[in-house]
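Data first, discussion second: the structure below is written as structure tokens.
2 protein chains.
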Amino acid sequence: MGLKVAVVGATGVVGSKMLSILEERNFPADEVKALASSKSAGKKLLYKGKEIVVELARPEAFEGVNIALFSAGGELSKELAPEAAKRGCVVIDNSSAWRMDPEVPLVVPEVNENDIFKNKGIIANPNCSTAQLVLVLWPLHKKYGLKRVVVSTYQAVSGAGKKGIDDLNNQVDAIVNGKEIVCEKFPYQIAFNCIPHIDVFKENGYTKEEMKVIEESRKIMHIDDLAITCTAVRVPVLNSHSESVNVELEKEFDLDEVKDLLSKSPGVALYDDFTKNIYPMPIITTNKDETFVGRIRRDFSVKNGLNLWVVSDNLRKGAALNAVQIAESLINKK
Amino acid sequence: MGLKVAVVGATGVVGSKMLSILEERNFPADEVKALASSKSAGKKLLYKGKEIVVELARPEAFEGVNIALFSAGGELSKELAPEAAKRGCVVIDNSSAWRMDPEVPLVVPEVNENDIFKNKGIIANPNCSTAQLVLVLWPLHKKYGLKRVVVSTYQAVSGAGKKGIDDLNNQVDAIVNGKEIVCEKFPYQIAFNCIPHIDVFKENGYTKEEMKVIEESRKIMHIDDLAITCTAVRVPVLNSHSESVNVELEKEFDLDEVKDLLSKSPGVALYDDFTKNIYPMPIITTNKDETFVGRIRRDFSVKNGLNLWVVSDNLRKGAALNAVQIAESLINKK
Numbered sequence: 358m359g360l361k362v363a364v365v366g367a368t369g370v371v372g373s374k375m376l377s378i379l380e381e382r383n384f385p386a387d388e389v390k391a392l393a394s395s396k397s398a399g400k401k402l403l404y405k406g407k408e409i410v411v412e413l414a415r416p417e418a419f420e421g422v423n424i425a426l427f428s429a430g431g432e433l434s435k436e437l438a439p440e441a442a443k444r445g446c447v448v449i450d451n452s453s454a455w456r457m458d459p460e461v462p463l464v465v466p467e468v469n470e471n472d473i474f475k476n477k478g479i480i481a482n483p484n485c486s487t488a489q490l491v492l493v494l495w496p497l498h499k500k501y502g503l504k505r506v507v508v509s510t511y512q513a514v515s516g517a518g519k520k521g522i523d524d525l526n527n528q529v530d531a532i533v534n535g536k537e538i539v540c541e542k543f544p545y546q547i548a549f550n551c552i553p554h555i556d557v558f559k560e561n562g563y564t565k566e567e568m569k570v571i572e573e574s575r576k577i578m579h580i581d582d583l584a585i586t587c588t589a590v591r592v593p594v595l596n597s598h599s600e601s602v603n604v605e606l607e608k609e610f611d612l613d614e615v616k617d618l619l620s621k622s623p624g625v626a627l628y629d630d631f632t633k634n635i636y637p638m639p640i641i642t643t644n645k646d647e648t649f650v651g652r653i654r655r656d657f658s659v660k661n662g663l664n665l666w667v668v669s670d671n672l673r674k675g676a677a678l679n680a681v682q683i684a685e686s687l688i689n690k691k
Numbered sequence: 358m359g360l361k362v363a364v365v366g367a368t369g370v371v372g373s374k375m376l377s378i379l380e381e382r383n384f385p386a387d388e389v390k391a392l393a394s395s396k397s398a399g400k401k402l403l404y405k406g407k408e409i410v411v412e413l414a415r416p417e418a419f420e421g422v423n424i425a426l427f428s429a430g431g432e433l434s435k436e437l438a439p440e441a442a443k444r445g446c447v448v449i450d451n452s453s454a455w456r457m458d459p460e461v462p463l464v465v466p467e468v469n470e471n472d473i474f475k476n477k478g479i480i481a482n483p484n485c486s487t488a489q490l491v492l493v494l495w496p497l498h499k500k501y502g503l504k505r506v507v508v509s510t511y512q513a514v515s516g517a518g519k520k521g522i523d524d525l526n527n528q529v530d531a532i533v534n535g536k537e538i539v540c541e542k543f544p545y546q547i548a549f550n551c552i553p554h555i556d557v558f559k560e561n562g563y564t565k566e567e568m569k570v571i572e573e574s575r576k577i578m579h580i581d582d583l584a585i586t587c588t589a590v591r592v593p594v595l596n597s598h599s600e601s602v603n604v605e606l607e608k609e610f611d612l613d614e615v616k617d618l619l620s621k622s623p624g625v626a627l628y629d630d631f632t633k634n635i636y637p638m639p640i641i642t643t644n645k646d647e648t649f650v651g652r653i654r655r656d657f658s659v660k661n662g663l664n665l666w667v668v669s670d671n672l673r674k675g676a677a678l679n680a681v682q683i684a685e686s687l688i689n690k691k
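Residue numbers (the numbering used here), protein chains in the order written: chain A, 358 to 691; chain B, 358 to 691.
Okay, here's the thing in structure tokens:
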């Protein structure tokens with residue numbers, strides 16, 4: 358029996374990235390199906406040079422499918438992921454719908470690959486800002502112990518999907534050409550602006566995005582009481598999220614040892630030489646698989662303090678790549 | 358005898374803002390002189406509807422001048438500020454040349470106005486990111502005591518002067534029109550990018566900008582051992598710096614009390630209602646005198662922890678306005 362993979366939300370920004378990453382990594386699928394809502398069903402996509410027609414995402418579409426990569430929003434995911442799982446399909450879901458469900462593993466393979474195999478049909482892919490963060494925090498935790506983490510994010514518009522990208526491009530175009538600025542996706546103009554508001558606000562004054570970083574980091578690393586806080590900010594960058602990360606470690610560290618550790622950590626690329634102006638930036642990390650870390654320096658304001666600057670392609674490690682890596686773990690185990 | 362004021366570097370981004378702020382605040386000068394390097398001497402500027410010719414900035418130009426606002430770079434300032442002071446002029450200098458000199462007061466009037474009157478002819482205006490930060494930190498310190506501060510900045514290109522503004526505008530124009538991207542001022546493309554590198558790198562891996570925030574905050578607030586760290590980042594915003602500020606306070610606080618305190622603090626505007634999407638952003642603060650603070654919420658990762666989002670027009674409070682306020686204090690005291 359051949360391996361059958363479905364991508365749900367295949368015409369979206371993350372879904373199409375899932376398809377291209379399956380293709381570029383030569384994922385050993387015998388068949389790849391593209392599914393989407395009625396709005397996109399019937400569209401044609403290319404996979405390995407072959408045309409595939411987008412089918413309507415509905416329960417029956419998962420018959421015979423082994424692995425389904427979902428990136429079609431929380432609503433569709435809540436409805437269809439259990440239907441797919443019921444039909445023997447393992448769902449890897451990129452929405453936030455299942456992430457905090459105690460029955461659902463939330464996985465970054467470099468950190469908690471083993472959780473994948475505890476799945477009951479649904480595995481959750483973390484929030485983009487969380488994935489790149491834990492890649493860097495996890496090796497630090499294993500060696501030195503995390504005492505406290507303070508994160509400020511600089512997030513690209515592609516994290517808000519096609520409408521987010523369109524907002525920035527259209528607004529920049531409007532400003533350059535003296536036309537009226539229109540906001541379709543974001544609550545305010547994002548061109549030439551910073552918006553400290555991603556996803557909806559919770560009652561405690563944090564945004565859902567900030568709470569995702571806090572709660573998902575704890576769940577992935579299995580540190581239930583991790584002291585961590587976050588301020589999440591949208592910036593006028595098309596792709597790749599940046600994070601200013603301040604860490605207090607339990608144990609003493611040597612700075613060169615930290616750099617050496619991170620340079621050898623899976624999924625992480627050390628990019629750090631201030632004497633040569635080498636530090637991560639969105640223009641460098643976009644279309645790269647690795648999460649880049651630089652500006653590594655001691656924070657003298659606290660015992661065992663460390664400052665880092667972490668940048669990663671939010672559509673790859675922050676979404677599509679991580680989902681495909683989970684799928685790879687699944688089939689390698691089989 | 359009339360009050361004679363000179364603006365040195367009058368044709369630059371900050372210098373021209375100094376002139377317009379003197380004018381809009383109806384500063385009681387009987388004469389305003391515009392000075393600049395040989396490159397700009399001879400140019401004509403408007404002040405209160407009257408044409409003034411830019412004169413060459415040289416020692417003799419300060420004869421009879423009571424107050425000189427300098428924004429002409431560190432080199433010219435080092436050379437000419439002592440010459441002006443020698444001639445009985447009080448220099449208010451916006452460069453970093455004199456800020457950490459123990460003989461030179463470094464002043465944000467809302468915080469340490471009294472230091473102005475200890476001057477020996479030169480008063481330093483702080484770095485843009487520092488001015489807006491201490492406006493918010495100072496009332497918190499007085500009431501609760503600052504234990505530790507972690508700052509991540511989102512800094513506009515106008516902080517790098519006209520060439521910085523030109524870089525962003527030209528690069529955006531190049532990208533929109535499919536032309537080659539040229540970097541004149543910044544080490545890398547700033548359009549659609551974040552650059553974690555402002556000013557030069559120091560041996561400890563911090564940038565000079567980051568060390569300014571650390572050292573100047575301590576000096577202005579007279580807290581020599583303040584535990585504070587900073588990551589300074591340039592973002593593709595034309596004007597107004599944003600800061601994600603994480604604070605640990607010594608004493609317990611009530612969140613509403615903190616908001617009330619900040620709403621009553623001089624120079625600070627509380628702009629904080631997440632239920633109505635009210636939070637500071639560069640598009641809101643530009644051309645405003647106040648430093649805006651919002652996203653005020655408890656940081657649950659530490660005892661007495663607080664997160665804030667602070668945005669201010671870096672050319673106004675971060676530069677020209679603060680200098681003019683110092684001048685106002687000087688003449689009000691007289």
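No residue lacks a Cβ here, since even glycine has one placed at the ideal position from N, Cα and C.
From a predicted model like this one, the values you see are computed outputs, not experimental measurements.
Item	Value
Distance, D387(A) Cα to L360(A) Cα	5 Å
DSSP-derived helix/strand/coil call for F384(A)	coil
Terminal residues of the alpha helix (DSSP H) in which I479(B) lies	Element bounds for I479(B): not the alpha helix (DSSP H) but the beta strand (DSSP E), I479 to A481.
Rounded distance between the beta-carbons of M578(B) and V491(B), thought under 8 Å	6 Å
Touch test, the segment 424 to 432 of chain A against the segment 677 to 684 of chain A, Cβ-Cβ under 8 Å, three pairs minimum	yes
Option nearest N423(B) by Cα separation, candidates L433(B), V507(B) and A441(B)	A441(B)
Rounded separation between L437(B) and V604(B) - CA only	39 Å
Listed by chain order, chain B residues near R505(A) by CB distance under 8 Å	S658 and V659
Distance between V557(B) and S486(A) (C-alpha atoms, nearest Å)	29 Å
Identity of the residues DSSP links to L503(B) by a beta bridge	L606(B)
Touching by the beta-carbon criterion (3+ pairs, under 8 Å), the segment 495 to 515 of chain A and the segment 597 to 616 of chain A	yes
Coil, strand or helix - E408(A) by DSSP	strand
Boundaries (first-last residue) of the beta strand (DSSP E) holding S669(A)	G662 to S669
Contacts of C551(A) in chain B (Cβ-Cβ under 7 Å)	Y511, V592, V594, S599, M638 and P639
Rounded C-alpha distance that separates I555(A) from A589(A)	7 Å
Buried/exposed call for G366(B), threshold 16 Cβ in 10 Å	buried
Inter-residue spacing [alpha-carbon to alpha-carbon] between K400(B) and L376(B)	15 Å
Nearest residue (CA-CA) to Y511(A), options V468(B), A418(B), N550(B) and I538(B)	N550(B)
Residue-chain proximity (P459(B), chain A), Cβ-Cβ < 8 Å	no
Cβ of V533(B) within 8 Å of any chain A Cβ	yes
Run of the beta strand (DSSP E) containing L300(A), from where it starts to where it stops	Any answer about residue 300(A) is impossible in this case: the structure gives chain A only from 358 up to 691.
Residue nearest to W495(A) in terms of C-alpha spacing, selected from F474(A), N469(A), G518(A) and S509(A)	N469(A)
Sequence-distant residues of its chain with Cβ nearer than 7 Å to S597(B) (five each side left out)	A513, P639, T642, T643, V668, S669, D670 and N671
Interface flag, Y563(B) vs chain A, CB-CB below 8 Å	yes
Exposed unless 16 or more other CB atoms sit within 10 angstroms - verdict on G535(B)	exposed
Three-state secondary structure (DSSP) of S599(B)	strand
Cβ shell of A584(A) (< 6 Å), same chain only, five flanking positions each side left out	R505
DSSP three-state assignment for D523(B), whether helix, strand or coil	helix
E647(A) to V447(A) span [Cα, whole Å]	26 Å
Candidates I473(A), E537(A) and P483(A): closest to K690(A) by CA position	I473(A)
Limits of the unbroken alpha helix (DSSP H) element including D431(B)	Reading off the sequence shown, one finds Gly at residue 431(B), where the question assumed Asp. First-last of the alpha helix (DSSP H) with G431(B): G431 to K443.
Cα-Cα separation, E609(B) to K616(B)	14 Å
Terminal residues of the alpha helix (DSSP H) in which A626(B) lies	Note, A626(B): premise wrong, no alpha helix (DSSP H); beta strand (DSSP E) at V625 to L627.
Completely contained alpha helix (DSSP H) runs for the segment 613 to 648 of chain A, where each covers 4 or more residues	639 to 642
Backbone secondary structure at F558(A) - three-state DSSP	strand
Interface residues of chain B facing G662(A) [CB-CB closer than 8 Å]	T586
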